[in-house]
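**Q** So the sequence lines, in the order shown, correspond to chains A and B. Counting from 1, one number per residue, gives the positions in the first sequence under our numbering. Counting from 1, one number per residue, gives the positions in the second sequence under our numbering. Every residue, glycine too, gets a C-beta built ideally from N, C-alpha and C. Since the model is a prediction, treat every value here as computed from it, not as a measurement.
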Amino acid sequence: MNAAPEFEPAAGDTVLAARHIVKTYGGTHALKGVNFDIHRGKVTTLFGENGAGKSTLMKILSGVTTPTSGSIELDGQSVSFSSASDARDRGISIIHQELSLAPNLNVRDNIFMGREIRGATGVDFAEEARQTRLLMADLEEDIDPLTLVQDLRLGQQQIVEIARALSVDSRILIMDEPTSALSATEVEVLFNVIRDLTARGVSIVYISHHLEEALQITDYAVVLRDGAITATANARHINLEWIVRNMVGENFDLGSPPAGYAFGEVALSVEDVSIADASSSERSVVDRLSLEVRSGEIVCIYGLMGAGRTELLECIAGRLQPSGGRILLGGNDISRLSIAERIARGLVLVPEDRQRDGLVQTMSVGANLSLASIGSFVRGMLLSRSQERSLVHASIRDVHVKSAGGNAPIGSLSGGNQQKVVIGKMLTTNPKVMLLDEPSRGIDIGAKAEVFRLLGERATRGLAVVFSTSEVAECLSIAHRIIVMHRGRISAEFGADATKEEIMTASGEAVVSDHEEHRSHHRDRR
Amino acid sequence: MTDASPDRSRSRPRVSADGFSLAKLLLEGRAFFALIAIIIVFSLLSPYYFSVGNFLTMASHVAIFGILAVGMLLVILNGGIDLSVGSTLGFSGVIAGFLMQGVQLSTFGVILYPPVWVVAVLVCVLGALVGLINGVLIAWLKVPAFVATLGMLYVVRGAALLMTNGLTYNDLGGKPELGNTGFEWLGFNRLLDIPIGVLVMAVIALIGSIILNRTAFGRWLYASGGNERAAELSGVPVKHVQVSVYMLSGICAAVAGLILSSELTSAGPTAGTSYELTAIAAVVIGGAALTGGRGNIRGTLVGAFVIGFLSDGLVIIGVSAYWQTVFTGAVIVLAVLLNAIQYRRRVKLPSPAGSPPTSPQKDKAQTADPALEKTAG
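Shown next, in the form of C-alpha cells:
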C-alpha cells in the first residue's frame, strides 16, 4: 500500500461513514477492512479495477448484501440495513451496474415498481405517469411513460434506471457505472442533474471506468485496490496520472513472459473476422479483426467490458458464428467446424463464467476433469475406469488442484481450484491453442499467479495461449504481446514492455481523443 | 431388481469408488426404505400379500411402468420431459395388432403375415421414430420439451385411434399355418418362473445402467443434463445426445406397448393413457432431479416398484380406487419434497468473486449501442 490518505475531510460534512468493512466470500476477501466516507452534498468517486471490490462495497452501503464485519454510521448513528428497501427507506438508493429493469413492463411501471402510488381504485396510473413525465423532463429525455422498456435502446434504459433512483428522493444516491451506455450529450445531461442534486444537498457516490469523465464531476476521489482503500483525495489536487498510479499500484508479481525458446509456426490465424450483434443486424461486436498467434506465444487481449473480447474468443472456439472472415488453425480453415471438432484439432476455450459455462455442478471433480477427453479412455464401447482414474490423477497433479481427490463434489472447491479444474479439463485434450476468457476472474492473487505460471510453462512446450483480461496488471505478466480491443477492433498492439498508462489509454479507459492516432501507432509497431 | 450398477451416491455421482457404506445407503435409499415399509405394512394387513406368487404378479404390473420409467429417466437426466410415452405405448400396441392381422399389399394381391419378431422390431422402429420427431423438435427446432411432447401425446394418440377407427384388435394369436404365432409369449410365458415382462424390464434396466455408467454417451448425458453450456464447450455433442434420449424413450415405450398388448391379448388405441405421468412419478420418487443431471436407474426402478406395490397392496386390502389415487399422489409429493430438501443443501455455491459475473449478452448489448463513444474532456 503506497499511499497514505492525502486528504482528511472535515468531520461535520460526512453523511455516511463505513468503518472497517470486511466482506468475505468463501475464502476470498473481497473487502479487507475498508473505511469509506460519503460527504453531504458532494460527489465522491470510487476508482478501482475490476474485482477491486467497488461493487461489493456499494452493495453493502445500499443494503443489498451485509458485511461480514464492520459498521455503518448514518448521520453519526450506527445502522444496519436488512435489505435494499430498508436502505431505500432511510434515503439510500443505488443505480446498479447491471440494469435491473423488467423489460416486459413499461417505463412508468418500472419506475414505480414495488412502491406503486395507491389511488381510490387501485393504482393511480395517471399520477404515476405524470411524475414519470416530470422525471423524463428533468433528464431531458423524450420517453413516453407507456413505452415498453424492451423497446428502448440501452442508453435510454439506463436513463430509466436513473430516473427510478431519482424518483425516490434519496439523500444518498449511488451510481455504479451509470454512463456505460450513454452518449456524450446524455452524459452531459446526467452531470447537470448530478450538479442540481448536490446543490439540493443530495450526496452522490459515483463509480466509473471512464476516469477522465469521472474526474470532471467528482469532488472527492477514493481509490480501492484488492479490497482495500489505497488513496483518498480532494479532486482539486489530483489528476489522471494520480488515479492510474493508485489504481494499479505495485502489484503482486504475476510472472514474466517465458523466454529462452523460439516461437513455432503460426498456430492460430484470425482473418478479418466480424461478428454481428445479436440484437441489431447492422452493428458488429467484432469488426473485421485479424490476429495471428504462433505456437509458444502468449497473447493478452485487454479491453473494457463490451469491447468484444468474449465474442471474439467464443467465435474462435465455435460457439458464435462469424458474420464474415475466417479462422485458421495450423493453416486449415476451421470456420465451419463444430466445437467438438475444433477441440479434436487442438483448439480449446476456457470460458469467462466458469459456473455457467465451465463446470457441471452435478458431477465430481474427476468427471469434470475428464469430460473433454472421454474419447481417450473408451475401450471398445465402455469407459475404462482405471484409465480415467489415472488421467484424473495426472491432471489434478498437473494443474495443482487442491481437492479431496477425484470423487470430491466440484462445489467443495474454492474458486481458484475450480478454475484450475476448467483449465485442467481442457489441457487433458492436449491442445495446440488455448483461449482463456478472463481466466483470473474471481480468484485470489495466489491462484492467479499459479494459473499464469501454468500457462507460461505450457507455452514453453509449444502451446499457443490467448487470454483476455480487464486488469492491466495481468497484461504485463506473462504475455509476449498485448492487444488492446476497443469497440470490436484492435486499437493498439504492444510488446511486453508496454506501460500501464499506454494500455489504458488505448482501451478508451482514459480519454482517447483520436482513435486514428492509435491506429497509426499500431502500424508503426508492426 | 437386477440393476447391476455400482453404488453411486448422489453427492458424488460419477467415478465413485465401488465401496459400500451404510450412510450412503441411507441417504440414497429413501425410496428403498419406503418400499420395504410398504411391503411390511401390507404383509401385516393381508395374508395374501407376502408370497412369491403375489410378488411376481405385482412385478409384472410394475414391468410396464418400469420400462417406461427407464426411458423417462434418460430424458429427465437430460433436463427434458417426455409426455408422449403413454400414447406411443398405445400406438405401438395398435401397430402390432395391425401387423398381426396381415398387411394387404393390393398392388401385388398378397397379404403379408410378418413373423412376431419382425413385428416387434418394426414396432420398436416406430417408437424410435416418434422419439426422433420429439428430439428434432426439441433439439433443433427449439420447441420446449413439455410442449413438443404434449403435442406428440395428442398426435400419436390420434393416429392410434385413426388406425382402428377407435376399435380394438382382439385377435393377436396368429395362425400356425401363417407362421406368426407366439405374440402372447411376451405377456404370458415365464422363464424360471419369472414373467417375461419382468425379465425384459431387468434387461432394459441393465442395458440402461451400463449406458449411463460405463459409456461415453452416459457421461455426455449426465454432463449435458447438469450444464448444457459447459458440456457443449467441452466438446459434448449435446444435440445428438438430446435426440438420442427421446429415441430411446420412444423405444422403451414401444417395448412396453408390446408387452401390455400381449398381456391383454388385445391392442386398444386408448391403452397407456396417462401412463407417462406414472413413469415421471417413478423417476421422481427414485430421486432424480427434474432439472437434469441427477438420478440413476436403480432409484427409478425402486420408484416404479413403490408405486406398483402400493397400488396393488391397496387393491388387495380392498381400499377404494379413489383412495388409491389419493395415496399415490401423496407419495409423489412427499418424494419431491424430500428431493428438494436433499438438493437444496448443495445448490447454492459461494460466489467467490468480488465483482459479479457479467453475461456475454450484456457485453454484446453494450457494444451494440451507438452511444458508447466517449469524447468527454
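Residues of chain A with a CB under 7 angstroms from the CB of B:R298: which are they?
**A** Within chain A, no residue comes near B:R298; the closest Cβ sits about 17 angstroms away, beyond 7 angstroms.
**Q** Does A:G446 pass the burial test, meaning 16 or more other C-beta atoms within 10 Å, or should it be called exposed?
**A** A:G446 is exposed by the Cβ-count criterion.
**Q** So with Cβ pairs under 9 angstroms, would you call A:K425 a contact of chain B?
**A** Yes, A:K425 counts as interfacial toward chain B.
**Q** Please classify A:G119 as buried or exposed, where buried requires at least 16 other C-beta atoms within 10 Å of its C-beta.
**A** Flag for A:G119 reads exposed.
**Q** Taking the alpha-carbon of A:G303 as reference, which of A:I483, A:V15, A:G48, A:S69 has the nearest alpha-carbon?
**A** The candidate whose alpha carbon is nearest that of A:G303 is A:I483.
**Q** What's the gap between the Cα of A:K402 and the Cα of A:I243?
**A** Approximately 37 angstroms between the Cα atoms of the pair.
**Q** Name the chain A residues that come within less than 7 angstroms of B:G226, Cβ to Cβ?
**A** Those within 7 angstroms of B:G226 in chain A are V360, Q361, T362, M363.
**Q** Give me the Cα-Cα distance between B:F217 and A:H393, rounded to the nearest whole angstrom.
**A** C-alpha separation (whole angstroms): 22 angstroms.
**Q** Mind pulling the chain A residues with CB within less than 8 angstroms of B:R157?
**A** Correct list: empty, because the minimum Cβ distance to chain A is about 34 angstroms.
**Q** Could you check where the beta strand (DSSP E) with A:S274 kicks off and where it finishes?
**A** Where A:S274 is concerned, the enclosing beta strand (DSSP E) stretches over 266-276.
**Q** Is A:S477 helix, strand or coil by DSSP?
**A** In the structure shown, A:S477 sits in coil (DSSP, three-state: anything other than H, G, I, E or B).
**Q** Would you check if the distance between the CB atom of A:D226 and the CB atom of A:K59 is smaller than 9 angstroms?
**A** Against a cut-off of 9 angstroms, the Cβ pair of A:K59 and A:D226 comes out as no contact.
**Q** I'd like the list of long-range same chain contacts for A:R19, defined as Cβ closer than 8 angstroms, with 5 residues on each side in sequence excluded.
**A** These residues qualify, in order along the chain: N35, G70, S71, I72, E73.
**Q** In three-state terms, what does DSSP make of A:G331?
**A** In this structure, A:G331 counts as coil in the three-state DSSP scheme.
**Q** With burial defined as no fewer than 16 other Cβ atoms inside 10 Å of the residue's Cβ, what is the status of A:V237: buried or exposed?
**A** A quick correction: the sequence has His, not Val, at residue 237 of chain A. Looking at its Cβ environment, which holds fewer than 16 other Cβ atoms inside 10 Å, A:H237 is exposed.
**Q** Compute the Euclidean distance between the alpha carbons of A:N110 and A:Q156, then round it to the nearest angstrom.
**A** Rounded to the nearest angstrom, the two C-alpha atoms are 13 angstroms apart.
**Q** How is the beta strand (DSSP E) around A:Q77 delimited, first residue to last?
**A** Per DSSP, A:Q77 belongs to the beta strand (DSSP E) from 77-79.
**Q** Given A:G255, which residues of its chain have a CB within under 8 angstroms of its CB, disregarding the five upstream and five downstream residues?
**A** The residues are A449, F452, R453, G456, S477, I478.
**Q** Along the alpha helix (DSSP H) that carries A:V222, what are the first and last residues, could you check?
**A** From DSSP, A:V222 is part of no alpha helix (DSSP H) but of the beta strand (DSSP E) over 220-225.
**Q** Using DSSP with H/G/I as helix, E/B as strand and the rest coil, what is B:D18?
**A** Only weak support is given to the placement of B:D18: the predicted model assigns it a pLDDT of 42, under 50, and the question is left unresolved by the model.
**Q** Report back the beta-carbon spacing between A:L337 and A:G318 to the nearest angstrom; my notes put them in contact at under 8 angstroms.
**A** Sure, about 6 angstroms apart at Cβ, within 8 angstroms.
**Q** Runs of 3 residues minimum, wholly inside the region 24-92 of chain A: which ones carry the beta strand (DSSP E) assignment?
**A** Fully enclosed beta strand (DSSP E) runs of 3 or longer: 28-39, 43-47, 69-74, 77-79.
**Q** Can you list, in chain order, the residues of its chain whose CB lies under 7 angstroms from that of B:T164, leaving out five sequence neighbours each side?
**A** Taken in chain order, the residues that qualify are V94, P269.
**Q** Starting from the beta carbon of A:L148, find every residue of chain B whose beta carbon is closer than 9 angstroms, and list them in chain order.
**A** Here the premise fails: no neighbours, minimum Cβ distance about 16 angstroms.
**Q** Take B:V333 as the anchor and find which of B:V245, B:Y322, B:I317, B:I307 has the nearest alpha-carbon.
**A** The shortest C-alpha separation from B:V333 is found at B:I307.
**Q** Which class does B:R298 belong to by DSSP, given the choice of helix, strand or coil?
**A** Here B:R298 sits in helix by DSSP.
**Q** So A:F494 is in the beta strand (DSSP E); what residue range does that whole segment cover?
**A** First-last of the beta strand (DSSP E) with A:F494: 489-495.
**Q** If you draw a straight line from the alpha carbon of A:A137 to that of A:P145, how long is it in whole angstroms?
**A** For A:A137 and A:P145, the distance between alpha carbons rounds to 11 angstroms.
**Q** Counting contacts by CB-CB distance shorter than 9 angstroms, is B:G71 in contact with chain A?
**A** False, the Cβ-Cβ gap to chain A never drops below 9 angstroms.
**Q** Looking at the structure shown, is A:N368 part of a helix, part of a strand, or coil, going by DSSP?
**A** Helix at A:N368.
**Q** Return the first residue and the last residue of the alpha helix (DSSP H) that A:V399 is part of.
**A** Unbroken run through A:V399: none, as it is neither H nor E.
**Q** What are the boundary residues of the beta strand (DSSP E) that includes A:N234?
**A** Per DSSP, A:N234 belongs to the beta strand (DSSP E) from 228-234.
**Q** Taking the alpha helix (DSSP H) that A:E292 belongs to, which residues open and close that run?
**A** Premise fails: A:E292 lies in the beta strand (DSSP E), 284-294, not in any alpha helix (DSSP H).
**Q** Distance check for A:E311 and A:E49, CA to CA, integer angstroms please.
**A** When rounded, the distance between both Cα atoms is 21 angstroms.
**Q** Unbroken beta strand (DSSP E) runs of length 3 or more, entirely within the region 103-176 of chain B: which are they?
**A** Taking only runs of at least 3 residues, the beta strand (DSSP E) segments lying wholly in the region 103-176 of chain B are 103-105, 110-112.
**Q** For A:V465, does the three-state DSSP call read helix, strand or coil?
**A** Looking at A:V465 - three-state DSSP - the assignment turns out to be strand.
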